[in-house]
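Chains as they are written, first to last, in the numbering used here: chain E, 74 to 187; chain C, 128 to 240.
Okay, structure coming up:
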C-alpha cells in the first residue's frame with residue numbers, strides 16, 4: 074500500500090523569504106516521488122521528481138526537494154519566494170514494486186504575500 | 128514535444144443530460160492515460176485509467192464511463208448526469224515506464240444544473 078500526507082492545508086510566506094511545503098509518504102518498497110503545481114482553473118504541472126540517486130532534486134522555476142528516507146519525507150523548497158509562486162501544490166508517491174498509479178496528497182495552498 | 132488537449136474547456140449541462148469529454152495526446156505513442164476529477168476544494172480523484180486501446184480500468188463505481196478508441200484518445204462519458212458530477216475534470220498521460228511523471232491537460236470545468 075502507498076500513501077502520502079501533506080500536513081498543511083495552507084502555507085503563508087512573505088515574498089523573498091524561503092518557503093517549504095511539507096510532504097511525507099508511506100510505501101512498502103522504494104518510492105517514486107513527485108511534486109506538481111496547479112494554478113487556478115488550470116491543469117497540474119510537473120515540477121520535479123525523485124527516482125534514485127542524489128537526495129536533493131532540482132526542478133522547474135527554482136524549486137527543489139529533499140528526499141529523506143529515514144523521515145520518509147520529500148519536502149518542497151525554494152530559497153526566495155515570489156508572489157507568482159502562489160498556487161496549489163501536490164505531492165505524489167508511487168511504490169516501485171506496486172501499482173503504477175500514483176497516490177496524490179490533498180494539496181497545500183501556498184500564498185506568497187508581497 | 129508532447130501535448131495534451133482537452134475539450135471543451137467549460138460545460139454547463141442539465142441533470143439527466145449526456146456527457147462526452149475528449150482528451151487527445153500528441154507527440155508520444157502507447158501512453159498510459161488517466162481521467163481525474165477534482166471537486167471544489169482540492170483533492171484529485173482517479174476515475175479511470177488505460178494502458179492501451181480498449182483497456183479501461185475503473186477506480187470508482189459511478190454513472191461515468193470511459194473509452195479509448197485510439198491509442199492517443201481518451202473519452203469520458205455519461206448517459207445521464209447527476210448534480211454530483213459537477214467538478215473539474217482532468218486528463219493526464221504518462222509513459223509506459225512506471226517511474227515517469229504525469230502530464231495533465233488544461234481541464235474541463237463541468238457544472239451540472
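We put the CB at the ideal spot given by N, CA and C, even for glycine.
Quantities reported herein were computed from a predicted structural model and do not represent experimental measurements.
For residue i, count neighbouring Cβ atoms within 10 angstroms of its own Cβ and tell me buried if that reaches 16, exposed if not.
i: residue 271/E; result: Nothing about residue 271/E can be read from this structure; chain E reaches only from 74 to 187.
i: residue 104/E; result: buried
i: residue 286/C; result: This structure cannot settle anything about residue 286/C, because the visible part of chain C is limited to 128 through 240.
i: residue 128/E; result: exposed
i: residue 141/C; result: exposed
i: residue 212/C; result: buried
i: residue 168/E; result: buried
i: residue 159/C; result: buried
i: residue 145/C; result: exposed
Under three-state DSSP, which class holds residue i?
i: residue 134/E; result: helix
i: residue 168/E; result: strand
i: residue 210/C; result: helix
i: residue 207/E; result: Nothing about residue 207/E can be reported from this structure: the residues present for chain E run from 74 to 187 only.
What residues of chain C sit near residue i, judged by a beta carbon separation below 8 Å?
i: residue 114/E; result: 215, 234, 236
Spell out the partners DSSP gives residue i in its beta bridges.
i: residue 149/C; result: 134/C, 202/C
i: residue 97/E; result: 78/E, 146/E
i: residue 85/E; result: 184/E
i: residue 104/E; result: 168/E
i: residue 221/C; result: 159/C
i: residue 173/E; result: Note: residue 173/E sits in no beta bridge, so no partner.
i: residue 141/E; result: 146/E
Mind pulling the chain E residues with CB within less than 7 Å of residue i?
i: residue 169/C; result: 161, 179, 180
At a CB-CB cut-off below 7 Å, which residues of chain C make contact with residue i?
i: residue 122/E; result: 228
Output, in chain order, the set of chain C residues within a Cβ distance shorter than 9 Å of residue i.
i: residue 98/E; result: Within 9 Å Cβ-Cβ: nothing; residue 98/E doesn't reach chain C, min ~15 Å.
Residue i versus chain E: which residues are under 9 Å apart at the beta carbon?
i: residue 231/C; result: 109, 111, 115, 116, 117, 118, 119
At least three beta-carbon pairs within less than 8 Å, the stretch 193-204 of chain C to the stretch 152-164 of chain E: No, because fewer than three Cβ pairs between the stretch 193-204 of chain C and the stretch 152-164 of chain E fall closer than 8 Å, the two stretches do not touch.
contact_flag[the stretch 229-239 of chain C, the stretch 116-136 of chain E] where n(CB pairs < 8 Å) is 3 or more: Touching, per the Cβ criterion.
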